[in-house]
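The next block holds one structure in the form of structure tokens; read it before the comments.
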Amino acid sequence: QVQLLESGGGLVQAGGSLRLSCAASGRTDNIYAMGWFRQAPGKERVFVGLIRISLGWTFYASSVKGRFTISRDNAKNTVYLQMNSLKPEDTAVYYCAVGLSVGNWDYWGQGTQVTVSS
18 QVQLLESGGG
28 LVQAGGSLRL
38 SCAASGRTDN
48 IYAMGWFRQA
58 PGKERVFVGL
68 IRISLGWTFY
78 ASSVKGRFTI
88 SRDNAKNTVY
98 LQMNSLKPED
108 TAVYYCAVGL
118 SVGNWDYWGQ
128 GTQVTVSS
């Protein structure tokens with residue numbers, strides 16, 4: 018089992034920045050990737066980006082590429098989502114997830130609210 022604890026959400030004005038954190042605990046030695054997803058009100062949860070834990074390789078959705086950056090601190094089993102140039106359409110609950118193999122997301126965090134005001 019892997020437990021995830023997210024933090025860092027809040028209210029920010031358009032153009033501002035926020036950094037989300039996701040700390041993993043439990044059986045973290047088999048984590049293949051950690052990802053971020055978001056769900057806006059009335060919409061489905063969508064992929065934001067991911068990081069391969071061993072290689073540090075990242076991949077982003079086109080809607081956030083160039084504005085969001087995912088990084089990791091392996092010693093702390095923590096990944097970060099740095100969000101810059103935020104837009105009102107970035108408003109959503111952001112979820113952290115852990116994948117133990119390619120294409121699978123096996124564990125999810127509780128979510129943290131990000132609200133961007135115009």
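When we follow my numbering, the leftmost residue of the sequence shown carries the number 18, and every step to the right adds one.
Built from N, CA and C at the ideal position, the CB exists for glycine as well.
Exercise for review: Tell me, to the nearest whole angstrom, how far the beta carbon of Val96 is from that of Met51; I am working on the premise that it is less than 8 Å.
Suggested key: The count along the sequence shown starts at 1 and reaches residue 96 at position 79. The count along the sequence shown starts at 1 and reaches residue 51 at position 34. About 5 Å separates the two Cβ atoms, so the contact holds.
Practice item. Out of Asp123, Asp46, Arg36, state which residue places its alpha-carbon closest to the alpha-carbon of Asn91. Key: Within the sequence shown, numbered from 1, the residue matching residue 91 stands at position 74. It is Asp46.
Check your understanding: With 16 other CB atoms within 10 Å as the buried threshold, where does Glu61 fall?
Key -> The residue labelled residue 61 in the question sits at position 44 within the sequence shown. Answer is exposed; the Cβ neighbour count stays below 16.
Review point. For Glu106, does the count of other Cβ atoms within 10 angstroms reach 16, so buried, or fall short, so exposed?
Key: To locate residue 106, count along the sequence shown from 1; it is residue 89. Exposed is the call here.
Review point. Over what stretch of residues does the beta strand (DSSP E) that includes Val133 continue unbroken?
Key: On the sequence shown, position 116 is the one that residue 133 refers to. Looking at the DSSP string, the run of the beta strand (DSSP E) that includes Val133 is 129-134.
Practice item. Can you grab the Cα-Cα spacing for the pair Gly59 / Arg44, in whole Å? Key: Looking up residue 59 in the sequence shown gives position 42. Looking up residue 44 in the sequence shown gives position 27. Approximately 34 Å between the Cα atoms of the pair.
Review point. Over what stretch of residues does the beta strand (DSSP E) that includes Glu106 continue unbroken?
Key: By 1-based counting over the sequence shown, the position of residue 106 is 89. Where Glu106 is concerned, there is no enclosing beta strand (DSSP E), given that its DSSP letter is neither H nor E.
Point to revise | Of the residues Val119, Thr129, Gly27, the one placed nearest Leu21, counting alpha carbons only | key: On the sequence shown, position 4 is the one that residue 21 refers to. The residue with the shortest Cα to Cα distance from Leu21 is Thr129.
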